[in-house]
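Just below is one structure, and these are the notes that go with it.
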Amino acid sequence: VAVAITPKPQTSLPAQDVQLLRRVYRLALTARAVDERLWILGRQGRVNFVLTARGHEIAQIATALTLRPGIDSAWFYYRDLAAALALGVTPYEILLGALGRASDPHSGGRQLTAHFSAPKLGIGSVSSVVAGGLPHAVGAAYAARVLGQDSVAMTYFGDGGASSGQTHEAMNFAAVHRLPVVFVCENNGYALSVPLEQQMAVGSVADRAAAYGMPGRSMDGADALAVHHAACEAVQRARAGRGPTLIETRVPRMLPHSSQDDDAYRTPDERQAAAGADPLPRLRGQLMDCDALSDDQAEAEFDQIRADVLADEDRAVAQPEPEPARARRWLYAE
Amino acid sequence: MTQGQHGITFLEAVNAALREELARDARVVAIGEDVGRKGGVFRATAGLQAEFGALRVLDTPISEIAIAGVAIGAAMRGLRPVAEFQFADYMQVAFDQIVNQAATMRWRSVGGWGCPVVFRAPFGAGVHGGVYHSQSVEAFYCHVPGLKVVVPATPRDAKGLLKAAIRDEDPVIFFEHKQSYRRFRETVPDADEVVPIGVARLDRPGRDLSVITYGVGVHHARHAADVLAAEGVFVEILDLRTLAPMDRAAIARTVANTGKALIVHEANKTMGVGAEIAAFIAEELFMDLDAPLVRVAAADCHVPYNGPEEEAIIPNPDWVIAAARKLAAF
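Here the protein sequences come in this chain order: E and R.
All residue numbers for the first sequence refer to my numbering, where the first residue is 3 and numbers rise by one.
All residue numbers for the second sequence refer to my numbering, where the first residue is 22 and numbers rise by one.
Right, here's the structure in full:
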């Protein structure tokens, strides 16, 4: 009996795209592994506040990888764990912060989980004020212009942050002065519990770009290549002195807003749909289609990353909490 | 800045400090509404754009949040921005950026990010400016760790303190009382004088009572001291110059000297800067007091546009004279 073997459909992608997807995938797995541990530590009462990137990872990584860490700058909000990893923040540092340890280099355990700050990587200090960092990105771009540097500022915000007046002022300022800024919206459809249709009367955050006189794109946040190419174009445009760009990535919020949120405002169907929109399996499929990854490799890779993150966690847990007397340090220059 | 025979005004001192700092350090920029082509609604930035270009003396949209936030981001990435709020009343629009962002930046990044930004703002009443061009908002910012708050009263201090503010590594709020702007001229040293932040100035020595004040209160106190001197009462005037950090040692010295403290400010009385000064004296200097503390301050009201109502609520020299006479007689 002859067995017909149907060959796997081959997708041909340029080698550099395959390489990029491979990198995005690895970073996304790392983000996922850290995310998993944070939720577990949260349930154990060892981490007080968990903010998740789950579902946003690919959009974050695909955009952040267009930056040159230490030359360009990134201005995150609190959901940007995967983007931070893409710029060189380590799982160990993230765990130190989440556990409130003194040696957390980002905030010494003073800020909530995923409130990054890494001057050497060009990562501005994240605040919990949604869109509070957008004007800082514009300021960083203005500084680059004054100092004659070709650095670009990329700033991230959610659909919730899109409603803030800070967003309007930052975008208008950047556009008026044609400053090198890339605005990246991670639109997951919820400002905590408030759905998109109660946040804005237009269909898309990107629709607003035209009103500021800058290009706006609304994209599937799971399409790593398309998002990356759009971000590259925006960065090049910014660097060439042609002003800011707004990129909206549509992403699922796979989990509750935070560990303090019960997500009860979404129906079980809505929650299931969000969880089912996980962008990672699709990326994995893409890599498998072009023979850049096998099932066994994928499993082994994730296992290894998870083991590494667990080892990081053990190290982080062993670190001391701050001395109480440290509380008033760094209020002013020392 | 060429000084006339009688020196320069406070406003000219601000302009001179900005010009000299812009010339000295390529990282210094001045941004705000109307600071460029117009040179500022009070002319504090007059001529600077022509001299230093439209990028370093930047006209911005009417966007106080962006003015503050852009200055913060630029400071984090290497500039020394001087952001002007056209009136202190509009700083409230940018309260998040000043209080939640600038003030916490160094602390929340455990020293990683500095935020060497100066927020300049004309403040104060007496110009028929109504509620949105007259407020004294300094107490809001003195309440916030991480900020420095400076209120010079004289041209020399305005110049020297603005230079200090621009060179400071931390965010400084620099309040300029509108009634100080063209009040008098003073000779300012041609040398590059920097007046240290956090150090009060004994404006006038005296023996009978101390007026502890700042901003326009210094001018009121000088007037009152002249009047009382003719009556044989000698008033010591302490010009705080900086409200945060406050020069508590200087307050202690003057209270020890006279035993009587009259605290004067134009801002509202309740929860004002004077309340902190009074609490400090009560907690730490009680045994030096020969009389109860007295405060002269605004009447806990918004500032009206019309003259009679404004005069009714904003302290003037007569209020200080009356309070000083009463305290001297205690």
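Glycine is no exception: its CB is placed at the ideal position from the N, C-alpha and C atoms.
Could you name the residues of the same chain whose beta carbon sits closer than 7 Å to that of residue i, not counting the 5 residues immediately before and after it, in chain order?
i, result
"R:E190", "G135, P137"
"R:F301", "R269, I272"
"R:A92", "I52, P102, A104, V138"
"E:F1", "Since the first and last residues shown for chain E are 3 and 336, residue 1 of chain E lies out of range."
"E:M216", "A177, G245, P246, T247, L248"
From the DSSP secondary-structure annotation, give me the bridge partner or partners of residue i.
i, result
"E:F78", "Bridge partners of E:F78: none, in fact."
"R:A146", "R:A146 is not bridged to any residue."
"R:E197", "R:P143"
"R:V170", "R:I194, R:A265"
"E:S130", "Bridge partners of E:S130: none, in fact."
"R:I218", "Paired residues: none, contrary to the question."
"R:R225", "R:I258"
"E:P322", "DSSP lists no partner for E:P322."
For a test of the three-state rule: what should DSSP assign to residue i, helix, strand or coil?
i, result
"R:N327", "coil"
"R:L259", "strand"
"E:I42", "helix"
"R:N289", "strand"
"E:L97", "helix"
"R:L230", "strand"
"E:T251", "strand"
"R:P82", "coil"
"R:F301", "helix"
"E:V26", "helix"
"R:V35", "helix"
"R:A319", "strand"
"R:I29", "strand"
"E:E272", "helix"
"E:R284", "helix"
"R:L306", "coil"
"R:R243", "helix"
"E:I307", "helix"
"E:A329", "coil"
"E:A277", "helix"
"E:I60", "helix"
"E:L2", "Residue 2 of chain E lies beyond the residue range present for chain E, which begins at 3 and ends at 336; the question has no answer from this structure."
"R:M22", "Any reading at R:M22 must be qualified, since the residue scores a pLDDT of 49, below 50, and its modelled position is unreliable; the value itself is stated next. In the structure shown, R:M22 sits in coil (DSSP, three-state: anything other than H, G, I, E or B)."
"R:R204", "coil"
"R:V165", "coil"
"R:L283", "strand"
"E:P246", "coil"
"R:I335", "coil"
"E:L312", "helix"
"E:A17", "helix"
"E:L53", "strand"
"R:A349", "helix"
"R:A271", "helix"
"E:P1", "The structure shown does not extend to residue 1 of chain E, since chain E is modelled only from 3 to 336, so the question has no answer here."
Using a Cβ-Cβ cutoff of less than 6 Å, which residues in the same chain neighbour residue i once the five nearest sequence positions on both sides are dropped?
i, result
"E:H259", "L194"
"R:P266", "G219"
"E:A66", "A85, A88, L89"
With a CB to CB cut of under 8 Å and the five nearest residues on each side skipped, what residues in its chain are close to residue i?
i, result
"R:I258", "L223, D224, R225, G227, S231, V232, T234, V239, A242, R243, A246"
"R:T263", "K169, V170, V171, V172, L182, I218, G219, V220, A221"
"E:P137", "Q168, E171, A172, F175"
"R:T275", "L223, S231, I233, E257, L259, A282"
"R:D339", "none"
Spell out whether any CB of chain A is found under 7 Å from the CB atom of residue i.
i, result
"E:L333", "Checking the listed chains, one finds no chain A in this structure; the protein chains it contains are E and R."
Measuring from the CB of residue i, is there a heavy atom of the ligand MG at a distance below 6 Å?
i, result
"R:R177", "The ligand MG is absent from the structure shown, which contains no ligand whatsoever."
Runs of beta strand (DSSP E) lying entirely within the stretch 200-224 of chain E, each at least 3 residues, in chain order: 218-222
Length-filtered (3 minimum) beta strand (DSSP E) runs lying within the stretch 141-193 of chain E: Those beta strand (DSSP E) runs which fall completely within the stretch 141-193 of chain E and span 3+ residues are 155-160, 183-189.
The stretch 165-176 of chain E: positions lying closer than 7 Å to chain R by Cβ: G167, Q168, E171, A172, N174, F175
Against chain E: residues of the stretch 69-103 of chain R by CB proximity under 9 Å: L76, R77, L79, T81, P82, S84, E85, I86, A87, I88, A89, G90, V91, A92, I93, G94, A95, A96, M97, R98, G99, L100, P102
Whole runs of the alpha helix (DSSP H) within the stretch 38-122 of chain R, excluding any shorter than 4 residues: 69-77, 85-97
Selection of the stretch 118-143 of chain E by Cβ proximity to chain R, strictly under 7 Å: For the stretch 118-143 of chain E, which is checked against every Cβ of chain R, the residues closer than 7 Å are S119, P121, G126, S127, S129, V131, G134, P137, H138, A139, V140, G141, A142.
Proximal residues, the stretch 127-141 of chain R versus chain E, C-beta separation under 8 Å: R127, W128, R129, S130, V131, G132, G133, W134, G135
Interface positions of the stretch 41-59 of chain R facing chain E (Cβ-Cβ less than 9 Å), listed along the chain: A47, R48, V50, I52
Chain-ordered residues of the stretch 155-182 of chain R with a beta carbon less than 9 Å from chain E: P166, G167, K169
Contact list for the stretch 42-56 of chain E against chain R, Cβ threshold 9 Å: none
Within 9 Å of chain R by C-beta, residues of the stretch 239-267 of chain E in sequence order: none
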